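Structure record follows, encoded as structure tokens.
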Amino acid sequence: MIVLQVNQLYKSYIADEILSGVKLEVQHRDRVALVGRNGAGKSTLLKIIAGQLSYDSGEIIMPKGIKLGYLDQHAGLESDLSIWDEMMTVFEPLKQLEQQIRSLELQMAEPTIYENAERYQKITAEYDQLQHDFKERGGFQYEADTRSVLHGMQFYPDSYEQSISSLSGGQRTRLALAKLLLTKPELLILDEPTNHLDIETLNWLENYLKNYDGAILIVSHDRYFLDQVVSIVYEVSRHHVTKFTGNYSSYLDQKAKNYERDLKLYEKQMDEKAKLETFVQKNLARASTTKMAQSRRKVLEKTEWMDSPDGDEKSATFTFDIEKQSGNDVLSVDDLTIGYGQTPISEHINMRAYRKDRIALVGPNGVGKSTLLKTIIKDLPALSGDIRYGTNVQLGYYDQDLAKLSTNRTVLREIWDEWPLMNEKDVRTVLGRFLFSGEDVDKIVHDLSGGEKARLTLAKLMLEKNNVLILDEPTNHLDLDSKEVLENALIDFPGTLIFVSHDRYFINRIATKVVELSNEGSFEYLGDYDYYVEKKEELAEIAAEKEAALIKTKPIVQKEVPTSNQAIDKETKKKERKIQRQIEDIEQIMSDLETTIAKLEEELCDPDVFSNHEKALIIQTQLDEEKVKHEEYELQWLALQEELEQL
Numbered sequence: 008m009i010v011l012q013v014n015q016l017y018k019s020y021i022a023d024e025i026l027s028g029v030k031l032e033v034q035h036r037d038r039v040a041l042v043g044r045n046g047a048g049k050s051t052l053l054k055i056i057a058g059q060l061s062y063d064s065g066e067i068i069m070p071k072g073i074k075l076g077y078l079d080q081h082a083g084l085e086s087d088l089s090i091w092d093e094m095m096t097v098f099e100p101l102k103q104l105e106q107q108i109r110s111l112e113l114q115m116a117e118p119t120i121y122e123n124a125e126r127y128q129k130i131t132a133e134y135d136q137l138q139h140d141f142k143e144r145g146g147f148q149y150e151a152d153t154r155s156v157l158h159g160m161q162f163y164p165d166s167y168e169q170s171i172s173s174l175s176g177g178q179r180t181r182l183a184l185a186k187l188l189l190t191k192p193e194l195l196i197l198d199e200p201t202n203h204l205d206i207e208t209l210n211w212l213e214n215y216l217k218n219y220d221g222a223i224l225i226v227s228h229d230r231y232f233l234d235q236v237v238s239i240v241y242e243v244s245r246h247h248v249t250k251f252t253g254n255y256s257s258y259l260d261q262k263a264k265n266y267e268r269d270l271k272l273y274e275k276q277m278d279e280k281a282k283l284e285t286f287v288q289k290n291l292a293r294a295s296t297t298k299m300a301q302s303r304r305k306v307l308e309k310t311e312w313m314d315s316p317d318g319d320e321k322s323a324t325f326t327f328d329i330e331k332q333s334g335n336d337v338l339s340v341d342d343l344t345i346g347y348g349q350t351p352i353s354e355h356i357n358m359r360a361y362r363k364d365r366i367a368l369v370g371p372n373g374v375g376k377s378t379l380l381k382t383i384i385k386d387l388p389a390l391s392g393d394i395r396y397g398t399n400v401q402l403g404y405y406d407q408d409l410a411k412l413s414t415n416r417t418v419l420r421e422i423w424d425e426w427p428l429m430n431e432k433d434v435r436t437v438l439g440r441f442l443f444s445g446e447d448v449d450k451i452v453h454d455l456s457g458g459e460k461a462r463l464t465l466a467k468l469m470l471e472k473n474n475v476l477i478l479d480e481p482t483n484h485l486d487l488d489s490k491e492v493l494e495n496a497l498i499d500f501p502g503t504l505i506f507v508s509h510d511r512y513f514i515n516r517i518a519t520k521v522v523e524l525s526n527e528g529s530f531e532y533l534g535d536y537d538y539y540v541e542k543k544e545e546l547a548e549i550a551a552e553k554e555a556a557l558i559k560t561k562p563i564v565q566k567e568v569p570t571s572n573q574a575i576d577k578e579t580k581k582k583e584r585k586i587q588r589q590i591e592d593i594e595q596i597m598s599d600l601e602t603t604i605a606k607l608e609e610e611l612c613d614p615d616v617f618s619n620h621e622k623a624l625i626i627q628t629q630l631d632e633e634k635v636k637h638e639e640y641e642l643q644w645l646a647l648q649e650e651l652e653q654l
């Protein structure tokens, strides 16, 4: 079933054409990506589809009753409610339905109800229908679904009562995404949903979207994420949209093949055009050949000549060089504690960096990755421990907040004021390599987009010629093309790299080591991101096996009784959290079983199955097994609920 169709869509801002003749189609359960450079019109197209922007002409067709959910890339939840209460507003219709059911239950409990058979029959029929509707709409699992989504977005039960107004911008963005996912629209439109997500949350979101029971339309610059989630790619380029079937890597392969094909056709056409033009110039004035020349001129005028496949889209071109080489030992970090003031964020950090190392720092949000980088460049003091720098080490730093730029300067002065010995022509040449040309160099830094500020910061970093680059989320504001240019420049960099990134594709291309940071310390993996994931899983399995073996051999000992009320409360809360997690897991399993049971029951009602005794027997056997499993889990759930109440 088609859930969205866009036909011949046009959009302009005054004289600037943004979108021209756009065609796009999304079917039920499609996973579609919109890709293209910054400013190509991706977000504009999403806003038009979501009804937040008007368009000049064309049509947008959606079947009646299709619910659309849209997340803006700058969205952040604004509310005075607590996290849990705000999420529950999504299910207000379900809660009203539940109240109606409870009201009917009270009526059915009245002793006089049986005196009026017609009234009793009417109430029971309504009650059965409401119960059915409540179950079909997820009434028995919406709280479990909410806990599951909040957990995936890194919000845990101890934070549910926290006011949303007290959260950071990044947390409110994650909550906006969580709330949208809970509404479960048939068409989910996400503009840069991976912003503000750490790697663990990204993995959860990928798995959630893969299993999402609806269509998804995504704009994202996270290539690893796109490879995992999407199966159709629409490229927005030069006002037009082109469809490619497959994930992002497949799109790149197809695009490269199309480019080679189009380049050959273009060159062939340009040869033909040049021959026609030469003939016209030489023969138009001659009486004997003037008619032939006029005929060829008409061909020239009527033919629709191909545009160059390179188009007018330029790519940045830059490299990072060094002024002088560092020693082999670049950096030693020993038992380091980092934080702000006297409040530690992470401790027991150990790390070694050698010349030409490419070290990726990974870990959950809030663990101190950016703080560690700021401590290394001496913007923050170490709370304890030691950092030693090698011979001739020169540090260059890229700040993810781009706070090192002077907002009131022009782009030209931002470079020239810091390198006053360069002549204007050379400064303009450098800026041109980072896609600042003509009037762009006279723009005020404050008015630049995130991508433009990122390119300007990289231009300054290139001119510094440092032999150690400390990069904090360098790909955050860059489009896919600029990311690739940056990656190639860093691969060729002859110095040392230490960087923080949530871009797993970027880490895979660049990193030779991965250092995982936690609040308790650091752990080093000698490889790229894929190796880090594989090794981490292997280490987790080994640890689980050791723990299981230890439990088998460990003698049973009487647990020590806590000696204070505080210790008792702590132990109780710990046990409570453990039981709550078990309940959530069982609720999820029961929900999945209910879905399976409902599908099997539907199959049994199918006349083709019903009339086939053998097929019906197989499905009935499977149905009985699923129901037995559900009953077993239900008993476990009841036992855990009783245990929780006793605490």
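Counting along the sequence shown from 1, when you hit position 201 you're at 208 in the working numbering, and nothing is skipped either side.
Beta carbons are placed, not taken as given, at the ideal position from N, Cα and C, and that holds for glycine.
Because the structure is a prediction, the values reported are computed rather than measured.
Check, Outcome
"Taking buried to mean at least 16 other C-beta atoms within 10 Å of its own C-beta, is Val287 buried or exposed?", "buried"
"Under 8 angstroms by Cβ, that's how I've got Asp198 and Ser50 pegged, so tell me the actual separation to the nearest angstrom.", "6 angstroms"
"Measuring alpha carbon to alpha carbon, tell me which of Lys71, Arg179 and Leu455 ends up nearest Leu88.", "Arg179"
"Please state whether the Cβ-Cβ distance between Leu194 and Val33 is less than 8 angstroms.", "yes"
"Assuming contact is defined by CB atoms lying nearer than 8 angstroms, are Phe513 and Thr464 in contact in what I supplied?", "no"
"Could you tell me the distance, in whole angstroms, from the CA atom of Leu75 to the CA atom of Leu11?", "10 angstroms"
"Is the distance from the Cβ of Asp479 to the Cβ of Val507 below 8 angstroms?", "yes"
"Can you look up Val400 in the DSSP assignment and give me helix, strand or coil?", "coil"
"Can you name, in chain order, every residue of its own chain whose Cβ lies under 6 angstroms from the Cβ of Thr570, other than the five neighbours on each side?", "Low per-residue confidence applies at Thr570: pLDDT is 46, beneath 50, and the placement is therefore not dependable, though the value from the model is reported in the following sentence. Contacts found: none."
"Of all the options Ile451, Arg435 and Phe232, which has the alpha carbon lying nearest to the alpha carbon of Gly445?", "Arg435"
"By alpha-carbon positions, which one of Tyr532, Gly159, Leu233 and Ala360 ends up nearest to Gly397?", "Ala360"
"Using 10 angstroms around the beta-carbon of His453, count the other beta-carbons present and answer buried if the total reaches 16, otherwise exposed.", "exposed"
"Helix, strand or coil for Ile345 per DSSP?", "strand"
"My assumption, with CB atoms under 8 angstroms, is that Val374 sits in contact with Ser353. Please give the rounded CB distance.", "6 angstroms"
"Using only CA atoms, which one of Gln648, His637, Asp592 and Asn619 lies nearest to Val156?", "Asp592"
"Is it right to say Ile549 is buried, meaning 16 or more other beta carbons lie within 10 angstroms of its own, or is it exposed?", "exposed"
"Given this structure, state the Cα-to-Cα distance separating Leu647 from Glu641, to the nearest angstrom.", "10 angstroms"
"Taking the alpha helix (DSSP H) that Phe141 falls in, what are its first and last residues?", "Ala124 to Glu143"
"Measure the Cβ-Cβ separation of Val13 and Ile73 and say whether it is below 8 angstroms.", "no"
"Just to confirm the assignment: which complete beta strand (DSSP E) runs, minimum length 3, are found wholly within the segment 352-410?", "365-369, 391-396 and 402-405"
"State buried or exposed for Pro70, treating a residue as buried only when at least 16 other CB atoms are found within 10 Å of its CB.", "exposed"
"Give a single yes or no on whether Glu545 has its beta carbon closer than 7 angstroms to a heavy atom of the ligand NAD.", "In terms of ligand content, the structure shown is empty, and the ligand NAD therefore cannot be addressed."
"Rounded to whole angstroms, what is the Cα-Cα separation between Ser256 and Leu387?", "40 angstroms"
"Could you tell me whether the segment 264-275 touches the segment 312-332, using the rule of 3 or more Cβ pairs below 8 angstroms?", "yes"
"Excluding the five sequence neighbours on either side, which residues of its own chain have a C-beta within less than 8 angstroms of the C-beta of Gln587, listed in chain order?", "Pro164 and Leu651"
"May I have the straight-line CA-CA distance separating Val29 from Ser64, to the nearest angstrom?", "10 angstroms"
"What span of residues does the beta strand (DSSP E) with Ser244 cover, start to end?", "Ile239 to Ser244"
"What residue range does the alpha helix (DSSP H) around Ser50 cover?", "Lys49 to Ile56"
"Three-state secondary structure (DSSP) at Gln653?", "helix"
"If you compare alpha carbons, which of Glu459, Ile477 and Lys606 is closest to Lys385?", "Ile477"
"Is the beta carbon of Val522 closer than 8 angstroms to that of Ser529?", "yes"
"Nearest CA to the CA of Glu311: which residue from Tyr231, Ser456 and Met277?", "Met277"
"For Trp91, which residues of its own chain have a beta-carbon under 6 angstroms away from its beta-carbon, when the five flanking residues on both sides are left out?", "Tyr167"
"What did DSSP end up calling Phe530 once you bin it into helix, strand or coil?", "strand"
"In the DSSP assignment, what are the bridge partners of Ser340?", "According to the sequence as given, residue 340 is Val; it is not Ser. Met358 and Ile394, per the DSSP bridge assignment."
"Mind checking which residues open and close the alpha helix (DSSP H) that includes His158?", "Tyr149 to Gly159"
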